[in-house]
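Report on one structure; see the data block that follows.
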Amino acid sequence: MRYISTSLILIFLIRCSSWDEDNQNTQFLNDFIEEETSVEKTPLKLIKINTYGKEIVDEPKISGFFQIFQGNDLIEEHNIGIEIRGSSSQYFPKKSYGFETWDESGEDLDVSLAGYPEEEDWILYGPFSDKSLIRNVLIYRLSNVIGRYATKTSFYNLQINDEFLGLYVLMEKIKRDKNRVDISKNRSDDISGGYIIKIDKITGDGDTLNEDIAFMSEYTKDGVKGINKNVHFLYEYPKNRDISDEQKNYIQGYMRGFEDAMASENFTSESEGYKKYIDVDSFIDFFILNEITRNVDAYRISTFMHKDINDKLKMGPIWDFNIAFGNADYCEGGLTNGWAYQFNEACPADGMLVPFWWDRLMQDPYFTNALVERWTSLRLNELSDINIMGIVDELVGELEDSDAITQNFGKWLILGTYIWPNNFIGNRHSEEITYLKEWIEARLSWMDQEITKF
Numbered sequence: 038m039r040y041i042s043t044s045l046i047l048i049f050l051i052r053c054s055s056w057d058e059d060n061q062n063t064q065f066l067n068d069f070i071e072e073e074t075s076v077e078k079t080p081l082k083l084i085k086i087n088t089y090g091k092e093i094v095d096e097p098k099i100s101g102f103f104q105i106f107q108g109n110d111l112i113e114e115h116n117i118g119i120e121i122r123g124s125s126s127q128y129f130p131k132k133s134y135g136f137e138t139w140d141e142s143g144e145d146l147d148v149s150l151a152g153y154p155e156e157e158d159w160i161l162y163g164p165f166s167d168k169s170l171i172r173n174v175l176i177y178r179l180s181n182v183i184g185r186y187a188t189k190t191s192f193y194n195l196q197i198n199d200e201f202l203g204l205y206v207l208m209e210k211i212k213r214d215k216n217r218v219d220i221s222k223n224r225s226d227d228i229s230g231g232y233i234i235k236i237d238k239i240t241g242d243g244d245t246l247n248e249d250i251a252f253m254s255e256y257t258k259d260g261v262k263g264i265n266k267n268v269h270f271l272y273e274y275p276k277n278r279d280i281s282d283e284q285k286n287y288i289q290g291y292m293r294g295f296e297d298a299m300a301s302e303n304f305t306s307e308s309e310g311y312k313k314y315i316d317v318d319s320f321i322d323f324f325i326l327n328e329i330t331r332n333v334d335a336y337r338i339s340t341f342m343h344k345d346i347n348d349k350l351k352m353g354p355i356w357d358f359n360i361a362f363g364n365a366d367y368c369e370g371g372l373t374n375g376w377a378y379q380f381n382e383a384c385p386a387d388g389m390l391v392p393f394w395w396d397r398l399m400q401d402p403y404f405t406n407a408l409v410e411r412w413t414s415l416r417l418n419e420l421s422d423i424n425i426m427g428i429v430d431e432l433v434g435e436l437e438d439s440d441a442i443t444q445n446f447g448k449w450l451i452l453g454t455y456i457w458p459n460n461f462i463g464n465r466h467s468e469e470i471t472y473l474k475e476w477i478e479a480r481l482s483w484m485d486q487e488i489t490k491f
């Protein structure tokens, strides 16, 4: 027998008192009826943060107190410094946060937060435009399944200064660490490794590049020599405040060498071509993970690379897929056909374009043959339809069993409403999941047919 709990009715009445569109209020109540069953729920663990009345801003971090509860039981607590994080997502009413665990003096403190390996940098990601609530968690799970590190994730409810904020994902921030991006510390006696660089947007005025934080590609999107203002390499590790001029010169020189080799007539050469500079297998896996999601940001935004001492450049870890899996209504991001690496053809006027390398790689039979072989192997197991759908069901089941879906959309009345950049708008969470599943199945089917045509 279905029922609506007293607490849910109370939430509904409170929301109705401040919301005038009756048809959406009715839909909100219908969603509760659909989601609620007589099965007893086991609530998600709750994170409580207290900043003692101080407003959380986008830099600098402010001090706060962090606690995790299971029901009424306090599991752990820490001093933290917290700030708003994200780019376009900062404009959503549901914010995401970056925080550090601190000691009593406000200094960074490595802790095994929520059972994760010890570190001091963390993220609380609040899914908003992704109304499935699981896109990021799903792709990070798949990356780890195929053997490529991606941030660990756990679902929590979040409360800040006594205000309930709905469902959040506790995540590791991308960092150089033996349990995260496992590369050596960059040492003055060997500067050949210990780098994380990131292709991303930069802040600044017009075309002016702050050379303290980033450097540009020297090739256009078509692989022609000439400063490419659409591709910026940001120093992620060592941080721009720590990296020396010698280290900058090394990593810039390495990237120049890689791009020169990629653009040369002998780019397929074993000794002089691109394979001298990159770990091919990592590029293949990065390609596959971004293509199965048709990530509209792929290759050009939030794109991490890393290089260890006496090692080649590797792609990854993957990052930021909240508008992937058909959740973008621009630049063909909602289609299940077409290649994400060909973004430049779909949106040539965009300010952030895909480096020319990916088109070039697809011209090398060695690379495409290895890509097809890897794809075929993964589709038999790790990336099979049944395995991916099983993970989707597992994630959704965890949220349904805890009542987190109902609670989240009780706080944020966005079902049935366009939130940038939704390609699909479901009236119920179950419709969002159905769309996600059907989109994935169609995308995988298309890739099965097309990937052998390179």
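Whatever position you read off the sequence shown (first residue = 1), add 37 for the numbering used here. For each residue, glycine too, the CB sits at the ideal point set by N, CA and C.
Query	Result
Buried or exposed by the 16-neighbour rule on C-beta atoms within 10 Å, applied to residue 403	exposed
Top-ranked residue by Cα proximity to residue 95, from 446, 119 and 387	119
Among 111, 97, 232 and 419, nearest to residue 182 - alpha-carbon criterion	419
CB of residue 162 within 8 Å of CB of residue 205, strictly	yes
Any C-beta of chain C under 8 Å from that of residue 285	Absence of chain C from the displayed structure is noted, only one protein chain being present.
Check: residue 211 C-beta below 7 Å from any heavy atom of the ligand NAP	With respect to small molecules bound, the structure shown includes none, and the ligand NAP cannot be examined in it.
Contact belief for residue 272 with residue 251 at Cβ below 8 Å, rounded distance in angstroms	7 Å
The segment 351 to 369 in contact with the segment 449 to 467 per 3-pair CB rule at 8 Å	yes
Neighbourhood of residue 348 by C-beta distance below 7 Å, restricted to the same chain and skipping five residues each side	230
Backbone CA spacing between residue 304 and residue 310 [nearest angstrom]	4 Å
Under the three-state DSSP convention, the category residue 400 falls into	coil
Rounded distance between the beta-carbons of residue 238 and residue 209, thought under 8 Å	Their Cβ separation, rounded to whole angstroms, is 22 Å, which puts residue 209 and residue 238 out of contact at 8 Å.
Beta-carbon proximity list for residue 326, same chain, < 6 Å, skipping 5 on both sides	180 and 355
Cutoff 7 Å; reference residue 58; Cβ partners in own chain excluding five residues on either side	Only weak support exists for where residue 58 lies, its pLDDT of 41 falling under 50; the value from the coordinates is given anyway. Counting only Cβ-Cβ distances below 7 Å, and skipping sequence neighbours, we find nothing.
Residue 158: first and last residue of the uninterrupted beta strand (DSSP E) it sits in	158 to 162
Cα-Cα separation, residue 479 to residue 430	17 Å
Of the residues 134, 149 and 91, the one placed nearest residue 115, counting alpha carbons only	149
Inter-stretch contact at 8 Å, needing at least 3 Cβ pairs: the segment 190 to 204 / the segment 80 to 100	yes
Inter-residue CB distance, residue 203 and residue 448 (contact presumed, cutoff 8 Å)	4 Å
Between the CA atoms of residue 463 and residue 306 - distance to the nearest angstrom	50 Å
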